[in-house]
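Protein chains in written order, with the working numbering: chain F, 7 to 90; chain X, 47 to 310.
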């Protein structure tokens, strides 16, 4: 397994936003997870959902929707792991 | 002939391959690469049009023989042809010039003519090179041109419709899983109806294992997300668990997919 950070982002208070990232080998088993970089102790800051599109025979595009349930903007890292 | 780098050839391949039809809807002006049965001359003409519009100078290669190609995009897992055609580019490889074929119905990238011929099941097949403006060429050398691309559009329309009919029928959209060996880490091949949500379960997993589940569409349809999923788990006994995986199809087309797992 190897891991990385694909992007950094910000989600406004009580809202959600969708990002996409393309050109990933479809043969890879990839999982996505978010990590807040703006501490707000006491309650969850982010949730996320992943959807996937098969772009061609060898590549796919991931669509990641990040939700911020807090009353403040949250900055975060969009992280991935390629499983093996 | 002007030459291009292999990188440029890949760019041009990607340019035309991005026009691939979503099988069940196949809206114009997409190219029905996923219907390999027939219509290659229409696909080749449209690919040449797109490459020329992008500044390239493709040619075409025609192959004649008793051709038989293995493919996961036909329910029988193969297609038979008397002839076939695809665009070509002259590639400067650094060690010289070589002709590469652009044929997304057979390959995921540009390939040499030797490679292109080798998968078509007839070592004695003959190859003929022509300019890109030859729309149709029979084995006797009789040619038809299509300077306005009107015949091209007619051929593409015909085979888009055939792809759509197959994809909404009993066989569903390509690929056809009977033609595919299940790769490592794939628990099941699934199919999900348009805008549907369906739940699968898989039991007997050691509860001590740390297992991740992911879903990967097999049906190609560029432009928007196709599938999303959630995972639930049931502790069946002291040592085993059952995973329940709910897959949602976000599109108006049927989608085939792989249900994948990884043990961390």
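Don't be surprised by glycine CBs; every beta carbon is placed ideally from N, CA and C.
The region 211-231 of chain X: positions lying closer than 7 Å to chain F by Cβ: 231
Burial state of residue 28 of chain F (16 or more Cβ within 10 Å): Residue numbering aside, residue 28 of chain F sits at position 22 when the first chain is read from its first letter. So residue 28 of chain F counts as exposed.
Residue 41 of chain F, buried or exposed, once every other Cβ within 10 Å from all chains shown has been counted against 16: Position 35 of the first chain, counting from 1, holds the residue named residue 41 of chain F. When all chains shown are included, residue 41 of chain F counts as exposed.
CB contact below 7 Å: residue 89 of chain F versus chain X: Taking the first chain and counting its residues from 1, one reaches residue 89 of chain F at position 83. Taking Cβ atoms only, chain X reaches closer than 7 Å to residue 89 of chain F, which makes this a yes.
Classification of residue 18 of chain F by the beta-carbon crowding that lies within 10 angstroms, buried from 16 upward: By one-based count along the first chain, residue 18 of chain F stands at place 12. It counts as exposed.
CB contact below 7 Å: residue 308 of chain X versus chain F: Locating residue 308 of chain X in the second chain gives position 262, counting from the first residue. For residue 308 of chain X, the answer is yes, since a Cβ of chain F falls inside 7 Å of its Cβ.
7 Å Cβ cut-off: residues of chain X touching residue 56 of chain F: Within the first chain, residue 56 of chain F is the residue found at index 50, counting from 1. The answer, in chain order, is 274.
Residue 51 of chain F, buried or exposed, once every other Cβ within 10 Å from all chains shown has been counted against 16: Translated into positions along the first chain, residue 51 of chain F becomes position 45. Flag for residue 51 of chain F reads buried.
Range of the contiguous beta strand (DSSP E) that encloses residue 237 of chain X: As a working mapping, residue 237 of chain X is identified with position 191 in the second chain. Here the beta strand (DSSP E) through residue 237 of chain X covers 232-238.
Where residue 51 of chain F sits in the DSSP three-state scheme: Here the question's residue 51 of chain F lines up with position 45 in the first chain. Coil, per DSSP.
Interface residues of chain F facing residue 261 of chain X [CB-CB closer than 8 Å]: To locate residue 261 of chain X, count along the second chain from 1; it is residue 215. By Cβ distance, chain F contributes 58.
Alpha-carbon spacing of residue 287 of chain X relative to residue 307 of chain X, whole angstroms: In the second chain, counting from the first residue as 1, residue 287 of chain X sits at position 241. In the second chain, counting from the first residue as 1, residue 307 of chain X sits at position 261. Approximately 14 Å between the Cα atoms of the pair.
Residue 289 of chain X vs residue 248 of chain X beta-carbon contact at 7 Å: Position 243 of the second chain, counted from the start, is the residue given in the question as residue 289 of chain X. Position 202 of the second chain, counted from the start, is the residue given in the question as residue 248 of chain X. Yes; because the gap between Cβ atoms is below 7 Å, this pair is in contact.
C-beta contact flag for residue 298 of chain X and residue 240 of chain X at 7 Å: Position 252 of the second chain, counted from the first residue, corresponds to residue 298 of chain X. Position 194 of the second chain, counted from the first residue, corresponds to residue 240 of chain X. Yes; because the gap between Cβ atoms is below 7 Å, this pair is in contact.
Simplified DSSP assignment, three categories, for residue 98 of chain X: The residue labelled residue 98 of chain X in the question sits at position 52 within the second chain. Helix at residue 98 of chain X.
Strand pairing of residue 255 of chain X, partner residues [DSSP]: Residue mapping note: residue 255 of chain X aligns to position 209 of the second chain, counting from 1. None; residue 255 of chain X has no bridge partner.
Contact set between the region 51-85 of chain F and chain X, restricted to residues whose Cβ is under 8 Å from the partner: 55, 56, 57, 58, 59, 60, 61, 62, 63, 64, 66, 67, 69
Whole-number beta carbon distance between residue 64 of chain F and residue 154 of chain X, since they are thought to touch under 8 Å: Taking the first residue of the second chain as position 1, residue 154 of chain X is located at position 108. Taking the first residue of the first chain as position 1, residue 64 of chain F is located at position 58. Residue 154 of chain X to residue 64 of chain F, Cβ: 5 Å. Contact.
Proximity of residue 93 of chain X and residue 131 of chain X at Cβ, strictly below 7 Å: By 1-based counting over the second chain, the position of residue 93 of chain X is 47. By 1-based counting over the second chain, the position of residue 131 of chain X is 85. No, they are not a contact pair.
Beta-carbon contacts of residue 222 of chain X that lie in its chain and below 8 Å, excluding the five residues immediately before and after: For this step, residue 222 of chain X is matched to residue 176 along the second chain. 118, 119, 120, 121, 123, listed in sequence order.
Alpha-carbon to alpha-carbon, residue 262 of chain X and residue 58 of chain F: Within the first chain, numbered from 1, the residue matching residue 58 of chain F stands at position 52. Within the second chain, numbered from 1, the residue matching residue 262 of chain X stands at position 216. Each residue's Cα considered, the two are about 7 Å apart.
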